[in-house]
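K.L.:
Okay, handing you the structure first.
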Amino acid sequence: MDLITRLLAEREGKVHGGIYDITQKRFAYNSNRIEGSRLTEEQTSLIYETKTIANIDAKGIKIDDLVEMNNHFKCFDYILDTVNEPLTEDYIKTLHRILKSGTSSEHNPIAPVGRYKVLQNEVGKIATASVEQTEDEMLSLLIGYDLKKQKDLNYLTSFHAQFERIHPFADGNGRIGRLLLYKQCLKEGLTPFIVDDTNKATYYSALEAFQVHDNRQLLFDYFRSEQLFYMNYLKNKGFEGAINDEKEGDFIKKFSEENRKVDLDAFYNAIQEGVDKVNTQLGANMLEMEKTSVTPGIRIILTENNASYSNKELRAIISALNKSLYKIAKSHGVNSPRFYYTLSGEEVAVNRYVMAPDEVKFSGILK
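Just so we're aligned, residue 14 is where the sequence shown starts under our numbering, counting upward by one.
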C-alpha cells in the first residue's frame, strides 16, 4: 500500500490519530497560521473533529479564519482525490475557489475567488507579476512543468518559488502554493511535507533569497529538512512503502533495532558537536546561540538518520546535555543558568531560546 492509498483508506475508515487525521490538522493549522490566522491548534482540531469552536479569547475570531480553516480541510481532500490529475490553470483556480468559498472575498470584485487578481499585489521585496502578465506567466510555468521529465524536490522547490513570485490571486497564494507542493510531491513519488509555522521566518527568508538573489539552496535545504521530518513521522506511524506505486521515488522503511543503536550513538556525537559550537560562541555573543547551538544537530539526527528513541533514552540524552550546557554557561559567567527541554511522546526538539536575566531557556516540541 503506497502513501496515497493509505491516506485515502484512513479517510474512508475515519481513522482517528492516523496519518490522514494528523496531516489534515497540522497542514491546515500551520498553513493558515503562516498567513495570519489566530486559531490555535486546539481550535483547529475542534473545527475538524466536531465542527465547533471553543475557548474564544477577548480578541475574538474572524469569521474568515473559521471558514478558511474548514475550507483547507476540503482542499486537502480535493488534492488527494485528484492527485494524479495534471496541473492546469483550471485546476489551480478550482483549488482557490474551494479555499476561499464562503469568505468575505467571495463577492468582492477586487479580490475575486477562483479567478486571477485584478489589482497589482506585492510581497515584501518581491516584484510579483502584473495583472496583465499573470495569465501568460502562469501558462508558461505550467507548460514548463509538463515538459520537465524528471521532477525531483529541487525542481518542485523552483516551481513553488516561481508560483509565489507570480502571486496569481488576490489572496490565498501561499496556501494554494503549499497545497500544490504537497500534491505534486505525492504525484511524483516524493515524500510530501508541511511548512511549519514555527519556521515561518526561515521559509520567507529562503523564498526571498531565491526570488530576489537567485540563491536556491536555502529554500531547498529548508524543504528537505521538513521533508525528512515528515518522513520520520511516517516511520513512527509504522508506514512502510512507496509514496506513489506508479512512480519510482521515495520508499519509506520502518525503523529497526539495529538502526536505533547506531542512531543513538550518532545523536550523542551530534550533541557533543553542538555543545562545542555553543562553547565557541557563548563568550562572544549570546544572541548567536540559536544559530550555532545543538538545534541543528538534534533536528538532523531526529530526521535524516531516522532516529527513534524511547522516553528513557531521550531523558538520558537531555540530562547529559543539560549538564554540559550548564558547565559551559557557568564557565562564561552566566549566573545560575537553567536549561529547559520539552518532550512529546518519543520526540524531542530544541527549537528556540528565550533570554532572561541570568537565564537561558530552550524549549520546543516536535509534534
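Note that the Cβ used here is the ideal one computed from N, Cα and C, for glycine as well. Just so we're clear, the structure is a prediction, and the values are computed from it rather than from any experiment.
Measuring straight from C-alpha to C-alpha, what distance separates residue 222 and residue 57?
P.N.:
32 Å
K.L.:
Judging by CA-CA distance, which residue of 199, 226 and 54 is the nearest neighbour of residue 138?
P.N.:
226
K.L.:
Give a yes or no on contact between the region 226 to 246 and the region 199 to 214, applying the rule of three or more CB pairs nearer than 8 Å.
P.N.:
Yes, the region 226 to 246 touches the region 199 to 214.
K.L.:
Please report the Cβ distance between residue 148 and residue 112, rounded to the nearest whole angstrom; I am assuming they are in contact, meaning their Cβ atoms lie under 8 Å.
P.N.:
Incorrect: roughly 20 Å between the Cβ atoms, too far for contact.
K.L.:
Between the C-alpha atoms of residue 93 and residue 140, what's the straight-line distance to the nearest angstrom?
P.N.:
The straight-line gap from Cα to Cα measures roughly 32 Å.
K.L.:
Verify whether the separation of the beta carbon atoms of residue 182 and residue 104 is less than 8 Å.
P.N.:
no
K.L.:
Between which two residues does the alpha helix (DSSP H) harbouring residue 58 extend?
P.N.:
DSSP places residue 58 in the uninterrupted alpha helix (DSSP H) bounded by 54 to 63.
K.L.:
Is residue 225 helix, strand or coil when you go by DSSP?
P.N.:
helix
K.L.:
Would you say residue 136 and residue 144 are within 8 Å of each other, going by their C-beta atoms?
P.N.:
Residue 144 sits away from residue 136, with the two beta carbons spaced by 8 Å or more.
K.L.:
Over what stretch of residues does the alpha helix (DSSP H) that includes residue 154 continue unbroken?
P.N.:
144 to 160
K.L.:
Can you list, in chain order, the residues of its chain whose CB lies under 8 Å from that of residue 78, leaving out five sequence neighbours each side?
P.N.:
If we look at residue 78 and ignore the five residues flanking it on each side, its Cβ neighbours are 45, 50, 51 and 52.
K.L.:
So, is residue 122 buried or exposed, given that buried needs 16 or more other C-beta atoms within 10 angstroms?
P.N.:
exposed
K.L.:
So for residue 202, helix, strand or coil by DSSP?
P.N.:
coil
K.L.:
On a CA-only basis, which of 168, 155, 160 and 159 is nearest residue 179? Give me that one, please.
P.N.:
155
K.L.:
Please classify residue 16 as buried or exposed, where buried requires at least 16 other C-beta atoms within 10 Å of its C-beta.
P.N.:
Counting the other CB atoms within 10 Å of its CB gives residue 16 a total of 16 or more, which places it among the buried residues.
K.L.:
Considering only C-alpha positions, which residue in the set 40, 48, 41 and 19 is nearest to residue 31?
P.N.:
Selected option, being the one with the closest Cα: 19.
K.L.:
Could you check if residue 125 is buried or exposed, using at least 16 other CB atoms within 10 Å of its CB as the buried criterion?
P.N.:
buried
K.L.:
Thinking residue 161 and residue 96 are a contact (beta carbons under 8 Å), I'd like their distance in whole angstroms, please.
P.N.:
The pair is not a contact, with the Cβ atoms about 18 Å apart (cut-off 8 Å).
K.L.:
Is residue 84 near residue 117, with beta carbons less than 8 Å apart?
P.N.:
no
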